[in-house]
Amino acid sequence: MNIALIGYGKMGQAIEQIALERGHNVPLKINSRNLDLFTPANLQQCDVAIEFTRPDDAEGNVLKCLQTGVPVICGTTGWNDRLDAAHAAAQQNNTAFLQASNFSVGVNIFFEVNKLLAALMNDQPDYDVTMEETHHTQKKDAPSGTAITLAEQILAKLSRKTRWQEGSSDSNPEILTILAHREEHVPGTHVVRYHSPIDDIEIKHTAHNRKGFALGAVLAAEFIAGKKGSFTMQDVLGIKIV
Numbered sequence: 006m007n008i009a010l011i012g013y014g015k016m017g018q019a020i021e022q023i024a025l026e027r028g029h030n031v032p033l034k035i036n037s038r039n040l041d042l043f044t045p046a047n048l049q050q051c052d053v054a055i056e057f058t059r060p061d062d063a064e065g066n067v068l069k070c071l072q073t074g075v076p077v078i079c080g081t082t083g084w085n086d087r088l089d090a091a092h093a094a095a096q097q098n099n100t101a102f103l104q105a106s107n108f109s110v111g112v113n114i115f116f117e118v119n120k121l122l123a124a125l126m127n128d129q130p131d132y133d134v135t136m137e138e139t140h141h142t143q144k145k146d147a148p149s150g151t152a153i154t155l156a157e158q159i160l161a162k163l164s165r166k167t168r169w170q171e172g173s174s175d176s177n178p179e180i181l182t183i184l185a186h187r188e189e190h191v192p193g194t195h196v197v198r199y200h201s202p203i204d205d206i207e208i209k210h211t212a213h214n215r216k217g218f219a220l221g222a223v224l225a226a227e228f229i230a231g232k233k234g235s236f237t238m239q240d241v242l243g244i245k246i247v
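Just so you know, our numbering puts 95 at position 90 of the sequence shown, and the rest follows in order with no gaps.
Rendered as structure tokens:
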């Protein structure tokens, strides 16, 4: 399979390494210094594009690929309000689109555990819930896309929480607080904590490096090649329990 990498920073390089190890080719690698190569003709030589760039650039990059008929795996977060345009473009151009806040197999299992725990806690009003996430200092968005996904899952299952807020909240019990930390050399850590006067229940995912994210993105690319429509990592991994 020929893979186009749109974005060739640390994540793009990690994806390339995994892709090559799995027998794929990466004939097109786009970064800020070679945008002249980001053309429909070059894209059409590829079976799938994997996009990891910046929130301000993601929509244009994704639409260019989809309008060329190339399916897209997108890992850029921070542009959720514009995802509908990408899903529509995939349908209009008879191709496929998959966007995920996190491609790690472990994180996607963590997502399912998070939903199940929130559902169990809906009838346990003595427990309040908070979240924390920690990432490297180069990460542009805060809270992380993964944290937002976790928060939205909790809001869907826990009726006493109505919205999330980054940073210390006031005493409004309806707010789900997310504390975002930025530290050197931290690939990503997410904690969901339920606290009561009697005890705490905590679930945590800690990434040790970028390899898990890169592998998941390549697995998604292998899954989506040749398909049409919109997909999720649940489709890729065959996991959905809640």
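For each residue, glycine too, the CB sits at the ideal point set by N, CA and C.
Nothing here was measured: the structure is a model prediction, and the numbers come from that model.
Collapsed DSSP secondary structure at A127 in the structure displayed: Working through the sequence shown from its first residue, we reach residue 127 at position 122. Reading off the sequence, residue 127 comes out as Asn, not Ala. In the structure shown, N127 sits in coil (DSSP, three-state: anything other than H, G, I, E or B).
First through last residue of the alpha helix (DSSP H) which encompasses N47: Position 42 of the sequence shown holds residue 47. First-last of the alpha helix (DSSP H) with N47: 45-48.
Host alpha helix (DSSP H) of D240 (start-end): Residue numbering aside, residue 240 sits at position 235 when the sequence shown is read from its first letter. Per DSSP, D240 belongs to the alpha helix (DSSP H) from 238-242.
Coil, strand or helix - A6 by DSSP: Sequence index remark: in the sequence shown, residue 6 carries index 1 (1-based). Residue 6 is actually Met in this sequence, not Ala. M6: coil per DSSP, three-state reduction.
Cβ neighbours of L122 in the same chain (closer than 8 Å, five flanking residues each side left out): The count along the sequence shown starts at 1 and reaches residue 122 at position 117. Within the same chain, L122 has close Cβ partners V197, Y199, I206, I208.
L71 classed as buried or exposed, judged by whether at least 16 other C-beta atoms fall within 10 angstroms: Locating residue 71 in the sequence shown gives position 66, where the first residue counts as 1. Buried, by the Cβ-count rule.
Three-pair Cβ contact test at 8 Å for the segment 98-114 versus the segment 72-83: yes
Segment contact flag, the segment 85-97 with the segment 209-228, C-beta cutoff 8 Å, min 3 pairs: no
Sequence-distant residues of its chain with Cβ nearer than 7 Å to K162 (five each side left out): The residue given as residue 162 occupies position 157 in the sequence shown. So the list reads K120, A123, A124, N127, once near-sequence residues are dropped.
Extent of the continuous beta strand (DSSP E) to which Q104 belongs: Numbered from its first residue, the sequence shown carries residue 104 at position 99. From DSSP, the beta strand (DSSP E) with Q104 extends over 101-104.
Short Cβ contact (8 Å threshold) for G83 with T151: Against the sequence shown, residue 83 aligns to sequence position 78. Against the sequence shown, residue 151 aligns to sequence position 146. For G83 and T151, no; Cβs fall outside 8 Å.
Contacting residues, own chain, Cβ-Cβ under 7 Å from I229 (five flanking each side not counted): Looking up residue 229 in the sequence shown gives position 224. V53, P76, I78, A101, L103, F236, listed in sequence order.
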